[in-house]
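A short write-up of the structure that comes next.
Number of protein chains: 2
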Amino acid sequence: MGKEFLDLMDPDDVKQIIGSLNIGRRVETVNLGDAHQRVLAGDVYSTIDLPPFDRASMDGYAVRAQDTFGASEDDPITLTLIEKIRAGDVPSKKIKKGTCSEVGTGAPMPEGSDAVVMVEVTDIRENRVEILEAVTPGTNRALRGSDIEKGKFLLSLGTLLTADKIGALSAMGLKEIPVFAKPTVAVISTGNELIKPDEDLRHGKLYDINSESLANAVKSCGCVPLASNIVKDDYKSLKNKINAYKNADIIITSGGTSAGAGDVLSQVVEDMGEVLVHGISVKPGKPTLIGTLPGENVDVVLFGLPGYPVSALMIFHGFVAPFLREIAGVKELMEKRDGFLLPLSRRYHSARGRSHYVLVKIEEDIADPILKDSGAITALAEADGYFEVPKNVEIIEKGEQIKVMPLSGL
Amino acid sequence: MGKEFLDLMDPDDVKQIIGSLNIGRRVETVNLGDAHQRVLAGDVYSTIDLPPFDRASMDGYAVRAQDTFGASEDDPITLTLIEKIRAGDVPSKKIKKGTCSEVGTGAPMPEGSDAVVMVEVTDIRENRVEILEAVTPGTNRALRGSDIEKGKFLLSLGTLLTADKIGALSAMGLKEIPVFAKPTVAVISTGNELIKPDEDLRHGKLYDINSESLANAVKSCGCVPLASNIVKDDYKSLKNKINAYKNADIIITSGGTSAGAGDVLSQVVEDMGEVLVHGISVKPGKPTLIGTLPGENVDVVLFGLPGYPVSALMIFHGFVAPFLREIAGVKELMEKRDGFLLPLSRRYHSARGRSHYVLVKIEEDIADPILKDSGAITALAEADGYFEVPKNVEIIEKGEQIKVMPLSGL
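Here the protein sequences line up with chains B and X, keeping their order. When we follow UniProt numbering, the leftmost residue of the first sequence carries the number 1, and every step to the right adds one. When we follow UniProt numbering, the leftmost residue of the second sequence carries the number 1, and every step to the right adds one.
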């Protein structure tokens, strides 16, 4: 049994190291119908004029505006109705002096017309339309290309495709678009004590938690978890398993990082590649390891998280998630959306010199810290989010506003 | 061409009507691996004790605490090492006076031991362990069931299954769980002018936007969109299409709700069921229709949205999304997460007596209202969210804090 003490690194330094890591982004083409929550891999320019033709923007009558000048409720001007044009129709008659055509919203403007009089300020008797209000040229008409002209910039590379953005792409008649391929993440739980669901719970054994919880946390960052695995906590098993995932973009292990009995991960990573971080000055999650392994094209990044489920998830949120979001291209949006300020339910005391991640339960808009150890499963069941206590803060007073980060994501 | 004016209803009254609607919830069983972002359909009680056995919560030596009393760095107490127990092992030897066993974090406590001395405060020479610090009974030990006992409450019906909650369920060794089936939503675009992607853009035609954007907005509320459709804006086509979706939970149409030319939806709904709302005092989206149709078991709820894409999405977010989130069981969580306060970039003037929904672009933490008409596709491309101006507010000053709601979701 070794007694190797970890050389703890400052969280900010660790974040800088993570920030300098790089993985190649791949591009793939998807149908617009499968593009929800995907990220545009190129700038999109309009392929058509929008609207594609001069159109009515109200239900009413297409007129020559000058024919309506002087019209009022007391002194209406009467025009002759020559055609009815609904959205989707093609007008066949030209508007000449003294005439008008009925138009529905979205209908093409007939030749010769330059404005639409709303139906609400007209009266109609057979084919005679009384105009009760004058209009100026351009009223209730949208010119071809007035929203966007063909060839103009529409959406930028990196846009997260929510419903509204997919709507904008649909307007171009696009069927497929290029998006970033989702980064692949292998999730490996290490530990001789771990068993799979439905297996018999013999003495000394535990159902594996981290492979499911981390796989789902990976999904919430816009990445694809590869099949989850349990491996024995010995050098050869772990090395073989890690070797099997050299085609993944990222490998996340949990367990096997503590100084002391069973710390084999650092040895495996050292032998296969490079250990960049081993030990972070945070609580929980101190024994975290970060390294790189030579991959097929670029290096595979490996995050070795602690075995305790709460520690593993907190380190995931604090260090791994920002990296995954970055390479998946969803970082900016997620951070725009992340976090809400709530008052703390009680005084919280933190050890100076180490950042703390604290799970909270939200009740009646107050954040209540969950003060359980990081092996507690019930902490996961109760948590609505977490907050971070920076390393130079020792006490947060009751009622002070804290920024609660959600545990959910995409 | 009719001139039927809409009888505008107050938005709060409309929300009350929507709140009184009901659809039956269905339950289905899914594998834990497919449970991400699903909603628990029943309370979950622990099926086992957690931890399932007395375990060490640190790397170190399992001892009888009383054997360590008086130990200090200057005056260590020496114990005889009788066994090495790693996580996953089953201890075979009992701790008696003067003996100890090496334990890894998570290893079962050997019989007779009641505390763990951390490896950091020990020295070892062959099988002689020097204890440099006394411990009290229970130190660094977690008793069986101390986190949660078998049969105790773990997670409640209605919980959204994020990574952490799935972790808590994994701890029970569960393979499958009951979740609410996702409500099904048929999305129908009406309009003679609408064409599908890749079709030829003839004069007077437009690529359909709403069926894609609304289908994706439906997904973001935890519901399943059924295949999207375009139908002609005539009574028979629309009625046939609506009839085809009587097995859906909800039908969303867009277009065909304006007073004037082509308003056939209200007639169809009136003939097939009941119109509850036709016209809301909001901008954009005034001509919105809400109705119910007799379904196979319970009524099908129909939302008839305006045809303009911005109007359709704004009414979706303001009125339809809260209902979908409610019946999908994700409302509470989404609303916890929704909305952030930002200063407005410029004075905004709104017409009194009508609620306004305004799209905004966020730049450098300032919300800039997008002042385009609701037919503008570029507004969708630029938008980062929207805010609501209540009906009794006429002016929001530059710099005033507004609550920006995201356009994204699950």
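The C-beta atom is built at its ideal place from N, Cα and C for all residues, glycine as well.
Alpha carbon to alpha carbon, how far is residue i from residue j?
i, j, result
"residue 116/B", "residue 287/X", "19 Å"
"residue 19/X", "residue 332/X", "14 Å"
"residue 245/B", "residue 218/B", "16 Å"
"residue 273/X", "residue 211/X", "23 Å"
"residue 140/X", "residue 55/X", "9 Å"
"residue 164/B", "residue 198/B", "43 Å"
"residue 310/X", "residue 251/B", "42 Å"
"residue 255/X", "residue 21/B", "49 Å"
"residue 314/X", "residue 282/X", "10 Å"
"residue 407/B", "residue 73/X", "43 Å"
"residue 60/B", "residue 388/B", "59 Å"
"residue 169/X", "residue 238/B", "26 Å"
"residue 35/X", "residue 289/X", "35 Å"
"residue 374/B", "residue 399/B", "25 Å"
"residue 79/B", "residue 321/X", "45 Å"
"residue 285/B", "residue 155/B", "40 Å"
"residue 69/B", "residue 339/X", "48 Å"
"residue 110/X", "residue 46/X", "25 Å"
"residue 201/X", "residue 207/X", "8 Å"
"residue 10/X", "residue 354/X", "8 Å"
Is residue i close to chain B? Criterion is C-beta to C-beta, closer than 8 Å.
i, result
"residue 144/X", "no"
"residue 181/X", "no"
"residue 62/X", "no"
"residue 216/X", "yes"
"residue 175/X", "yes"
"residue 413/X", "The question about residue 413/X has no answer here: the residues shown for chain X are numbered 1 through 410."
"residue 148/X", "yes"
"residue 318/X", "no"
"residue 220/X", "yes"
"residue 253/X", "no"
"residue 172/X", "yes"
"residue 7/X", "no"
"residue 309/X", "yes"
"residue 408/X", "yes"
"residue 305/X", "no"
"residue 166/X", "yes"
"residue 108/X", "yes"
"residue 265/X", "no"
Under the criterion of a Cβ to heavy atom distance below 7 Å, does residue i qualify as lining the ligand ADP?
i, result
"residue 159/X", "In the structure on display, the ligand ADP does not appear, and there are no ligands present to speak of."
With a threshold of 8 Å between beta carbons, is residue i in contact with chain X?
i, result
"residue 373/B", "yes"
"residue 36/B", "yes"
"residue 378/B", "yes"
"residue 163/B", "yes"
"residue 293/B", "no"
"residue 33/B", "yes"
"residue 178/B", "no"
"residue 353/B", "no"
"residue 322/B", "no"
"residue 41/B", "no"
"residue 381/B", "yes"
Evaluate residue i with the Cβ neighbour count: other Cβ atoms within 10 Å of its Cβ, from every protein chain shown; 16 or more gives buried, anything less gives exposed.
i, result
"residue 390/X", "exposed"
"residue 102/B", "buried"
"residue 205/X", "buried"
"residue 395/X", "exposed"
"residue 137/X", "exposed"
"residue 143/X", "exposed"
"residue 27/B", "exposed"
"residue 37/X", "buried"
"residue 180/X", "buried"
"residue 259/B", "With a pLDDT of 48 at residue 259/B, under the threshold of 50, the predicted position of this residue should be treated as unreliable, and no value is reported."
"residue 16/B", "exposed"
"residue 343/X", "exposed"
Next on the checklist: Taking beta-carbon pairs under 9 Å, can you tell me which members of the region 192–209 of chain B lie near chain X?
Outcome noted: 192, 193, 194, 195, 196, 197, 198, 199, 201, 202, 203, 204, 205, 206, 207, 208, 209
Checklist entry - Listed from N- to C-terminal order along the chain, which residues in the region 78–99 of chain B have their beta-carbon within a distance smaller than 9 Å of any beta-carbon of chain X? => result Taken in chain order, the members of the region 78–99 of chain B whose beta-carbon sits within less than 9 Å of a beta-carbon on chain X are 84, 85, 86, 87, 88, 89, 90, 91.
Item to check | Segments of 3+ residues assigned as beta strand (DSSP E) that fall wholly inside the region 117–158 of chain X | outcome: 122–125, 128–131, 153–155
Checklist entry - Mind pulling the beta strand (DSSP E) runs of 3 or more residues that sit fully within the UniProt domain "MoaB/Mog" (186–326) of chain B? => result 224–231, 250–254, 274–278, 289–293, 300–305
Item to check | Residues in the region 43–68 of chain X having any Cβ partner in chain B nearer than 9 Å | outcome: 44, 46, 48, 50, 51, 52, 53, 55, 57, 58, 59, 60
Item to check | Segments of 3+ residues assigned as beta strand (DSSP E) that fall wholly inside the region 37–100 of chain B | outcome: 60–63, 77–85
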